[in-house]
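Participant: Can you keep this structure in mind? I'll have questions shortly.
Protein chains: 2
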Amino acid sequence: MNIILLSGGSGKRLWPLSNDVRSKQFIKIFKNNQGDYDSMVQRVYRQIKAVDSDARVTIATSKSQVSSIKNQLGAEVGISIEPCRRDTFPAIALAAFYLADVQQIEKDEPVVVCPVDPYVDASYFEALKELSDLAQNGDGMSLMGIEPTYPSEKYGYIIPNSADKVSKVVTFKEKPTEAVAREYIDKGALWNGGIFAFKLSYILKIAEELTGFDNYKDLYDNYASLTKISFDYAVVEKENSLRVMRFSGQWKDLGTWNTLTEAMDETIIGNGVMNDECENVHIINEMDVPVLAMGLKDVVISASPDGILVSDKAQSSYIKPYVDKIDQRIMFAETSWGSFKIIDVEADSLTVKVMLKKGNSMKYHSHKHRDEIWTVVEGEGMTVVDGVEEKVSIGNVIRLPRGCKHTIKALTDIRLIEVQCGQEISVEDKEVFDL
Amino acid sequence: MNIILLSGGSGKRLWPLSNDVRSKQFIKIFKNNQGDYDSMVQRVYRQIKAVDSDARVTIATSKSQVSSIKNQLGAEVGISIEPCRRDTFPAIALAAFYLADVQQIEKDEPVVVCPVDPYVDASYFEALKELSDLAQNGDGMSLMGIEPTYPSEKYGYIIPNSADKVSKVVTFKEKPTEAVAREYIDKGALWNGGIFAFKLSYILKIAEELTGFDNYKDLYDNYASLTKISFDYAVVEKENSLRVMRFSGQWKDLGTWNTLTEAMDETIIGNGVMNDECENVHIINEMDVPVLAMGLKDVVISASPDGILVSDKAQSSYIKPYVDKIDQRIMFAETSWGSFKIIDVEADSLTVKVMLKKGNSMKYHSHKHRDEIWTVVEGEGMTVVDGVEEKVSIGNVIRLPRGCKHTIKALTDIRLIEVQCGQEISVEDKEVFDL
Chain A
1 MNIILLSGGS
11 GKRLWPLSND
21 VRSKQFIKIF
31 KNNQGDYDSM
41 VQRVYRQIKA
51 VDSDARVTIA
61 TSKSQVSSIK
71 NQLGAEVGIS
81 IEPCRRDTFP
91 AIALAAFYLA
101 DVQQIEKDEP
111 VVVCPVDPYV
121 DASYFEALKE
131 LSDLAQNGDG
141 MSLMGIEPTY
151 PSEKYGYIIP
161 NSADKVSKVV
171 TFKEKPTEAV
181 AREYIDKGAL
191 WNGGIFAFKL
201 SYILKIAEEL
211 TGFDNYKDLY
221 DNYASLTKIS
231 FDYAVVEKEN
241 SLRVMRFSGQ
251 WKDLGTWNTL
261 TEAMDETIIG
271 NGVMNDECEN
281 VHIINEMDVP
291 VLAMGLKDVV
301 ISASPDGILV
311 SDKAQSSYIK
321 PYVDKIDQRI
331 MFAETSWGSF
341 KIIDVEADSL
351 TVKVMLKKGN
361 SMKYHSHKHR
371 DEIWTVVEGE
381 GMTVVDGVEE
391 KVSIGNVIRL
401 PRGCKHTIKA
411 LTDIRLIEVQ
421 CGQEISVEDK
431 EVFDL
Chain B
1 MNIILLSGGS
11 GKRLWPLSND
21 VRSKQFIKIF
31 KNNQGDYDSM
41 VQRVYRQIKA
51 VDSDARVTIA
61 TSKSQVSSIK
71 NQLGAEVGIS
81 IEPCRRDTFP
91 AIALAAFYLA
101 DVQQIEKDEP
111 VVVCPVDPYV
121 DASYFEALKE
131 LSDLAQNGDG
141 MSLMGIEPTY
151 PSEKYGYIIP
161 NSADKVSKVV
171 TFKEKPTEAV
181 AREYIDKGAL
191 WNGGIFAFKL
201 SYILKIAEEL
211 TGFDNYKDLY
221 DNYASLTKIS
231 FDYAVVEKEN
241 SLRVMRFSGQ
251 WKDLGTWNTL
261 TEAMDETIIG
271 NGVMNDECEN
281 VHIINEMDVP
291 VLAMGLKDVV
301 ISASPDGILV
311 SDKAQSSYIK
321 PYVDKIDQRI
331 MFAETSWGSF
341 KIIDVEADSL
351 TVKVMLKKGN
361 SMKYHSHKHR
371 DEIWTVVEGE
381 GMTVVDGVEE
391 KVSIGNVIRL
401 PRGCKHTIKA
411 LTDIRLIEVQ
421 CGQEISVEDK
431 EVFDL
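From first to last, the protein sequence lines are chains A and B.
Counting with the working numbering, you get residues 1 to 435 for the letters of the first sequence.
Counting with the working numbering, you get residues 1 to 435 for the letters of the second sequence.
Given below as structure tokens:
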């Protein structure tokens, strides 16, 4: 099975664990067999491989997610990188050319496209395989429709022309009111979960027609010039001969703290305590200090170095405008080379804990407006400061006056405490050089 | 008026703002006229001075609170320092000798003793003046009894022999059940708030009888040998001729988050946001990152570098056993010379932000098992490292290998980032030297 997982943009609905640089699909909340925690991306990838160990998985995403994906899934997974965000049709078109030109799969092979973040069990991936087979044995496009469990206002609806497992699509309906949703469901409507399958040749043809490019490189290079348009508008709603396959297994959208905590195996992740009077309370704590919950009901508490959310679960769907108003510096992030966490902020200084994974280097760079002092607190590395190499280890101090060119290579996993001193500390103040 | 304020021990009932080193009376939560926040101690001191600008205030407390008191009240206030904790009778005895021998007040002057932490208004201090006058114009001891507002199980009760403003005390009753409390109140009982007045000579005589010491120095030097006993047991309940003066003004014990938040002028202190669906919610946030509260009712959220409490207000009275179980390093504290805050903890390193107020020095000291690296991030200071003085300012780095003797004097307010590296980092690993 070829599967393209659409890994959407960053969002604030799961603040403080998701933010402008951390997307919800990378939050580690699902206990795995090793007693460790998996993210949504890791869970889905593991589930796909369990159902079809030969599955070729490609993640369609933006540059900003590449390091998180590689950190979490390793180097084997295919990644189709959108140079900029252009909605789902360009993303799927680019991923299709990536499969054809980079991965060089045959054009008559079927491809399944679905979001990276539904919360599902193995039956979903079994169904994707059926959908893939359906695409292989026919032309055009097949969709998966999810049997609704309640009259949701959050989803679009697919109206099929029969109650058969596979039937023709009569029409699509936009997100309805609850009353209208109830009518649709009475008529046998299905949720549109954005799950499609087709032969690669099918989508390549449409991609070429609509973008004017016929190969990966040209589409990639000209990606910014494409119009933002969703796959639903550009392709699905214009297609006359669509089939839909019913799916009645578990399928949840974990887009809010309310739905996310329903899917958690435990009530506490991280350092947390709650008393017996707590009812339906979840604590997700990524900070080093404890959270104590007393006598709460239907509440989610989520704490990260970016902030602390305490929300009634139903109300947690409405946090976005409040989070948008919070003007908080990004306090931590995973990067391709490791991670960083801001541990102190003063008027003329910033203190950061930097972790580089073994074998990684920073870019060789300098700053105009700040001095930096690194203290190695774990591991070994090789610094280069104005061309001079030096091996460093725990307790060593490296002074980096403004203007000096510097980098460090991690000989083992290495941690530094970096104190930045200056009156105009900014991420913009960085000039990169070849070493 | 001479007034002894008993400043009790540290407690965990207001965790995470109070802990083993920070007592509740020093938490800044009351908005003052300058738009700034006062602690309980500061509020009470300001109120006393407003009612009687000549009042001589002495705080009876332990060593550990002296720096907080000086930081918050300045150098003028009298402090009677208990070398160790021995309950209220020895504390009051020591404070009495402090007034006689150190402050040299006349032995026939009246003295009022009361706790430092009731939440009261000016009428309370007017009443204390009346109580003081009562003591001046009679012998023995006078108490203040507080008109109960509900049948509380938290207080002891005083049974007076009449409903007059001042009457003789018939007897005392221990903390009763609610039903029994209701009976007491029906008979005109008053709450025992631990507020006493007497001539200094009266208490000195009893102190000498019960401790065997007749002056401040001897009592101080032998303080550890005294038996722990409360003033109520040692003195009040043995006194046959007691008068009680009724007080019907505002009087609250701010011992739990529930009662404390009732006394707050604002619903949010620190970086916090709540949506309109929140009802009777308080946020007290001492962290640098924001707290967002959504759709909560009757909840207090309190966050400090030590931890995060989210509690139903009624349940907040029961946090102590849960807090006792939390094994959390003290992450920040005020000291006589400034403050410190632990900003990062790793296996073999600890990073601390240290603030020294202008004119203060650390003790000249060394560590056996750790190196330290200081980076100055604000202000100017003079370091001494193994006898060598050096002036330092922002951006300067001071390396302190294990074994070296070191100190810094703050020439201005100064901030350091101190990285401690070593395998056995402990506050015990410190040897102090004369400079």
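Quick reminder that beta carbons are idealized off the backbone N, C-alpha and C, glycines included.
Using the beta-carbon of each residue, which ones in chain A are nearer than 9 Å to S67 (chain B)?
Facilitator: None at all; the shortest Cβ gap to chain A is about 23 Å.
Participant: For a test of the three-state rule: what should DSSP assign to F97 (chain B), helix, strand or coil?
Facilitator: Reduced to three states, the DSSP call for F97 (chain B) is helix.
Participant: Where do the N-terminal and C-terminal ends of the alpha helix (DSSP H) with A60 (chain B) fall, by residue?
Facilitator: Not the alpha helix (DSSP H): A60 (chain B) falls in the beta strand (DSSP E), residues R56 to S62.
Participant: Hey, D38 (chain A) and F30 (chain A): beta-carbon distance below 8 Å or not?
Facilitator: Yes; because the gap between Cβ atoms is below 8 Å, this pair is in contact.
Participant: Quick one: list the residues of chain A neighbouring E346 (chain B), beta-carbon separation under 7 Å, in chain order.
Facilitator: Those are V377, E378 and R415, listed as they occur along chain A.
Participant: Compare the beta carbon distance of I59 (chain B) and S7 (chain B) with 8 Å and say whether it is the shorter of the two.
Facilitator: It is a contact, given that the beta carbons lie within the stated cut-off.
Participant: Which residues, taken in chain order from the stretch 390-405 of chain B, show a beta carbon closer than 7 Å to some beta carbon of chain A?
Facilitator: Cβ contacts with chain A: I394, G395, V397 and R399.
Participant: Count the other C-beta atoms from every protein chain shown that fall within 10 angstroms of the C-beta of E279 (chain A), then say buried if there are 16 or more, exposed otherwise.
Facilitator: The residue is exposed, with fewer than 16 neighbouring Cβ atoms inside 10 Å.
Participant: Starting from the beta carbon of K343 (chain B), find every residue of chain A whose beta carbon is closer than 7 Å, and list them in chain order.
Facilitator: The residue you asked about is not Lys; residue 343 (chain B) is Ile in the sequence shown. In chain order: I343, D344 and T351.
Participant: In its own chain, which residues sit with a C-beta less than 7 Å from the C-beta of W257 (chain B), not counting the 5 before and 5 after it?
Facilitator: L14, V300, S302, S311, K313 and S316, listed in sequence order.
Participant: Which partner residues of G145 (chain B) appear in the DSSP bridge assignment?
Facilitator: Its beta-bridge partners are B:N192 and B:R246.
Participant: According to DSSP, simplified to helix, strand and coil, what is T259 (chain B)?
Facilitator: Residue state, collapsed to three classes: helix.
Participant: Quick one: residues in its chain with C-beta nearer than 8 Å to the C-beta of V385 (chain B), no 5 flanking neighbours on either side, listed in chain order?
Facilitator: Within the same chain, V385 (chain B) has close Cβ partners I398, L400, C404, K405 and H406.
Participant: Check distances from the C-beta atoms of the stretch 302-315 of chain A to those of chain B and list, in chain order, the residues that come in under 9 Å.
Facilitator: Against chain B - using a Cβ distance shorter than 9 Å - the residues of the stretch 302-315 of chain A are A303, S304, P305, D306, G307, I308, L309, V310, S311, D312, K313, A314 and Q315.
Participant: For M40 (chain A), does the three-state DSSP call read helix, strand or coil?
Facilitator: Helix, per DSSP.
Participant: Considering only C-alpha positions, which residue in the set B:H365, B:S361, B:A347 and B:L356 is nearest to G379 (chain A)?
Facilitator: Closest option to G379 (chain A), Cα to Cα, is B:A347.
Participant: Can you check which of these residues, B:D434, B:Y45, B:A93 and B:W251, is closest to K199 (chain B) by C-alpha distance?
Facilitator: It is B:A93.
Participant: Answer with buried or exposed for Y155 (chain B), where buried requires no fewer than 16 other C-beta atoms within 10 angstroms of its C-beta.
Facilitator: Buried is the call here.
Participant: Pull up the distance between the alpha-carbon of V180 (chain B) and that of C84 (chain B), whole angstroms please.
Facilitator: Looking at the two C-alpha atoms, the distance is approximately 37 Å.
Participant: Hey, is S241 (chain B) close to the ligand ZN, as in C-beta under 7 Å from one of its heavy atoms?
Facilitator: The ligand ZN is absent from the structure shown, which contains no ligands of any kind.
Participant: List, in order along the chain, the chain A residues whose C-beta lies closer than 8 Å to that of N258 (chain B)?
Facilitator: Here the premise fails: no neighbours, minimum Cβ distance about 11 Å.
Participant: Report the start-end ranges of each beta strand (DSSP E) in the stretch 263-315 of chain A that is 3 residues or longer and not cut off at the edges.
Facilitator: Complete beta strand (DSSP E) runs here, min 3: 272-274, 279-285, 291-294, 297-304 and 307-312.
Participant: Just the Cα atoms here: how many angstroms apart are I408 (chain A) and L128 (chain A)?
Facilitator: Looking at the two C-alpha atoms, the distance is approximately 45 Å.
Participant: Can we say the stretch 185-198 of chain B touches the stretch 209-219 of chain B, given the rule of at least three CB pairs closer than 8 Å?
Facilitator: Because the criterion of three Cβ pairs below 8 Å is not met, the stretch 185-198 of chain B and the stretch 209-219 of chain B do not touch.
Participant: Flag N280 (chain B) as yes if its beta-carbon sits less than 8 Å from any beta-carbon of chain A, otherwise no.
Facilitator: Chain A, which has no Cβ nearer than 8 Å to the Cβ of N280 (chain B), makes this no.
Participant: At the 8 Å Cβ level, is E277 (chain A) part of the contact set with chain B, yes or no?
Facilitator: Closer than 8 Å to some Cβ of chain B, the Cβ of E277 (chain A) qualifies, so yes.
Participant: Return the Cβ separation of L134 (chain A) and A197 (chain A) in integer angstroms, given the expectation that the two are a contact with Cβ distance under 8 Å.
Facilitator: Right, their Cβ atoms sit about 6 Å apart.
Participant: Mapping DSSP to helix, strand and coil, what is Q25 (chain B)?
Facilitator: Three-state DSSP puts Q25 (chain B) in a helix.
Participant: Can you confirm whether L6 (chain A), when its beta carbon is compared against all beta carbons of chain B, has any partner nearer than 8 Å?
Facilitator: False, the Cβ-Cβ gap to chain B never drops below 8 Å.
Participant: For the beta strand (DSSP E) that T171 (chain A) lies in, which residues bound it at each end?
Facilitator: V166 to K173 is the span of the beta strand (DSSP E), which, as asked, contains T171 (chain A).
Participant: Using alpha carbons as the reference points, say which of B:I330, B:A163, B:A55 and B:Q34 lies closest to I4 (chain B).
Facilitator: The residue with the shortest Cα to Cα distance from I4 (chain B) is B:A55.
Participant: Would I319 (chain A) count as contacting chain B if we go by Cβ distances under 8 Å?
Facilitator: Yes, I319 (chain A) counts as interfacial toward chain B.
Participant: Would you mind sorting F433 (chain A) into buried or exposed? The rule is 16 or more other CB atoms within 10 Å of its CB.
Facilitator: Exposed is the call here.
Participant: Helix or strand or just coil, what does DSSP make of K228 (chain A)?
Facilitator: If DSSP states are grouped into helix, strand and coil, K228 (chain A) belongs with coil.
Participant: Does DSSP classify A410 (chain A) as helix, strand or coil?
Facilitator: Three-state result, A410 (chain A): strand.
Participant: Rounded to a whole number of angstroms, what is the C-alpha to C-alpha distance between L416 (chain A) and S349 (chain B)?
Facilitator: So the alpha carbons of these two residues sit roughly 10 Å apart.
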